[in-house]
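Trainee:
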Amino acid sequence: MAKYIVEHSGPLYGEVEISGAKNAALPILAATVLTDGICEINEVPRLKDIDVMCRILRSLGAKVEEDWEEHTITVDGSGIHISEVPYDLVKLMRASIFVMGPLLARLGKATIAQPGGCAIGDRPINLHAKGLRALGGRILISDDMVYANADSLTGALVYLDFPSVGATENIMMAAAVAKGTTIIENAAEEPEIVDLASFLNRMGAKIKGAGTDTIRIEGVEKLHGTRHAVIPDRIETGTFMVAAAITRGNVLIKNCLPDHVRPVIAKLIECGAVIQDELEGMRVRGDINKLVATDIKTLPYPGFPTDMQAPFMALLTTVSGSSTVIETVFENRFMHTAELSKMGANIRVEGKNAYVPGDKCPLEGTQVVSTDLRAGAALVLAGLVAKGTTEVSQIHHVERGYENFVEKMSGLGAKIRKVED
Ligand code: UD1
29 MAKYIVEHSG PLYGEVEISG AKNAALPILA ATVLTDGICE INEVPRLKDI DVMCRILRSL
89 GAKVEEDWEE HTITVDGSGI HISEVPYDLV KLMRASIFVM GPLLARLGKA TIAQPGGCAI
149 GDRPINLHAK GLRALGGRIL ISDDMVYANA DSLTGALVYL DFPSVGATEN IMMAAAVAKG
209 TTIIENAAEE PEIVDLASFL NRMGAKIKGA GTDTIRIEGV EKLHGTRHAV IPDRIETGTF
269 MVAAAITRGN VLIKNCLPDH VRPVIAKLIE CGAVIQDELE GMRVRGDINK LVATDIKTLP
329 YPGFPTDMQA PFMALLTTVS GSSTVIETVF ENRFMHTAEL SKMGANIRVE GKNAYVPGDK
389 CPLEGTQVVS TDLRAGAALV LAGLVAKGTT EVSQIHHVER GYENFVEKMS GLGAKIRKVE
449 D
């Protein structure tokens, strides 16, 4: 198994270019199932999860070409005729469930292994099912499988009990070609939802309100192929912003949309970091002021993103004073606290709250485990400012979500390398 060896690195300096958003590219690729035309998707990050989605599309009968020089994937969906997603692919990635809505709409049926729970919580799919049932789908969820079928889909009013990102996306995709109008209330408002809606609209869908809590979808008979460039990754952006701050460095982040990371900007400023808009990107400086504690509460967008909770917590261990971090989106997203505490962070968890004492810089380098994708990034960030060497294992999680992570970090002066065990 591969691991990262991270050495104490000093301040990070230089420029980093952000990749396309994994969480936008995945549903957009799934949405290509809705058409028998050809879709060209640009700015796709080269990641394990994207590879799994391409394999899923091929398994359904699509022709998928990957051009990694151009970060472009072309999907010809004319041959899609298989409605069952192989278990060995679903088990690799929870986002496999994104093809359920499109398959139901295109072929009238979908069979997918239950993506099941994962390290950060139970992650049920009841809201996906609720929405697709409202459109006329028959959805049967067993312990290990999800079976969906429908004679036809008809627009409906769907109220989401929680603004689930994945459920909003699945329902929006199926509703795009349902008969009549669908309204999703209490919809997720994440930028990735807006990107998916704009892709679907380019395919001929009629979707309004994406990015607000009410999305209105007028179903159309048919969608056609199109071309679309994926938005920059706001979580990768946030991770490099925190990398600049935690190392007390000065980094220019290029190809990012500051509007998508407002809560991260606000919290970094509260800590004393300086953020400057420049022509080419956003500059983050942790080298001007003494950094101090702040509290964080994760929320659906536009609140503080749960995916930034772990990386930000790494920063909070190093600032002056103690902070409270409240996780409200996932039930079990504090696995990294134990790993950070192995490095001397001494974080105390009580239910949804984590108490971070601060003033722990330098942390102590040691052997830690990347329990999930963002936890792994947090441990690398902590390793950059820890004394000695930090060994981060289980880094396949990190590679699921950060394109060229080692290269990008090294380009800023981070002492990090990947070794095979
Ligand atoms: C997406 C992101 C993930 C991010 C999360 C929250 C992708 C590929 N992944 O995941 O990186 O952390 O949004 O911003 O885009 N829930 C239910 N029933 C459902 C669906 C969700 O109860 O049917 C609950 C979940 O258990 C969780 C909460 O809703 O507690 C948020 O989940 P959701 O917004 O659906 O996250 P994902 O789409 O899985």
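Quick note: to get my numbering, add 28 to the position in the sequence shown (first position is 1).
Positions of the beta carbon are idealized from the N, C-alpha and C atoms, including for glycine.
Taking 8 Å as the cut-off, is the beta-carbon of glycine 383 closer than that to any non-hydrogen atom of ligand 1?
Mentor: It should be pointed out that residue 383 corresponds to tyrosine in this sequence rather than to glycine. Incorrect: tyrosine 383 has no Cβ contact closer than 8 Å to ligand 1.
Trainee: Does any heavy atom of ligand 1 sit closer than 8 Å to the C-beta of alanine 162?
Mentor: Not under cutoff, so the answer is no.
Trainee: What first and last residue would you give for the beta strand (DSSP E) that runs through leucine 185?
Mentor: Unbroken beta strand (DSSP E) run through leucine 185: 185-187.
Trainee: List the DSSP bridge partners of proline 457.
Mentor: Residue coverage of the chain in this structure runs from 29 to 449, which leaves residue 457 outside it and unanswerable.
Trainee: If distances are taken between C-alpha atoms only, which option among Leu224, Ser348, Leu440, Ser351 comes closest to alanine 271?
Mentor: Closest by alpha carbon: Leu440.
Trainee: Indicate whether leucine 163 and alanine 195 have their beta-carbon atoms separated by less than 9 Å.
Mentor: No.
Trainee: Ligand 1 and lysine 50: does the residue's C-beta get closer than 8 Å to at least one heavy atom of that ligand?
Mentor: Correct: lysine 50 has its Cβ closer than 8 Å to ligand 1.
Trainee: Is it the case that the Cβ atoms of alanine 203 and isoleucine 245 are separated by a distance below 9 Å?
Mentor: Closer than 9 Å, so yes.
Trainee: What residue range is occupied by the uninterrupted beta strand (DSSP E) comprising arginine 122?
Mentor: It is not in any beta strand (DSSP E) - arginine 122 carries neither H nor E in the DSSP assignment.
Trainee: For a test of the three-state rule: what should DSSP assign to alanine 238, helix, strand or coil?
Mentor: In the structure shown, alanine 238 sits in a strand (DSSP, three-state: E or B).
Trainee: Taking buried to mean at least 16 other C-beta atoms within 10 Å of its own C-beta, is isoleucine 316 buried or exposed?
Mentor: With fewer than 16 other Cβ atoms within 10 Å, it is exposed.
Trainee: Exposed or buried, what is phenylalanine 190 when buried is set at 16 or more other beta-carbons lying within 10 Å of its beta-carbon?
Mentor: Exposed is the call here.
Trainee: Across the stretch 106-124 and the stretch 50-66, are there enough close Cβ pairs to call them in contact, namely three or more that are closer than 8 Å?
Mentor: The stretch 106-124, when compared against the stretch 50-66, does touch it at the 8 Å Cβ threshold.
Trainee: Would you call the stretch 239-253 in contact with the stretch 214-224, where contact means no fewer than 3 C-beta pairs closer than 8 Å?
Mentor: Contact holds: three or more Cβ-Cβ distances are below 8 Å.
Trainee: Are three or more beta carbon pairs between the stretch 359-372 and the stretch 253-262 nearer than 8 Å?
Mentor: No, the stretch 359-372 does not touch the stretch 253-262.
Trainee: Restricting to runs no shorter than 4 residues, where is the alpha helix (DSSP H) found entirely within the stretch 64-113?
Mentor: Listed in chain order, the complete alpha helix (DSSP H) runs (minimum 4 residues) inside the stretch 64-113 are 76-88.
Trainee: With 16 as the cutoff for other CB atoms within 10 Å, does arginine 134 come out buried or exposed?
Mentor: Answer is buried; the Cβ neighbour count reaches 16.
Trainee: Name the DSSP bridge partner or partners of phenylalanine 268?
Mentor: Looking at the DSSP assignment, phenylalanine 268 forms no beta bridge with any residue, so it has no partner.
Trainee: If you draw a straight line from the C-alpha of lysine 443 to the C-alpha of serine 37, how long is it?
Mentor: Going from the Cα of lysine 443 to the Cα of serine 37 covers about 6 Å.
Trainee: What span of residues does the beta strand (DSSP E) with valine 447 cover, start to end?
Mentor: Residues 443-448.
Trainee: Could you tell me which of Ile274, Lys325, Thr326 sits nearest to arginine 491, measuring between CA atoms?
Mentor: The chain is shown from 29 up to 449; residue 491 falls before or after that span and cannot be answered.
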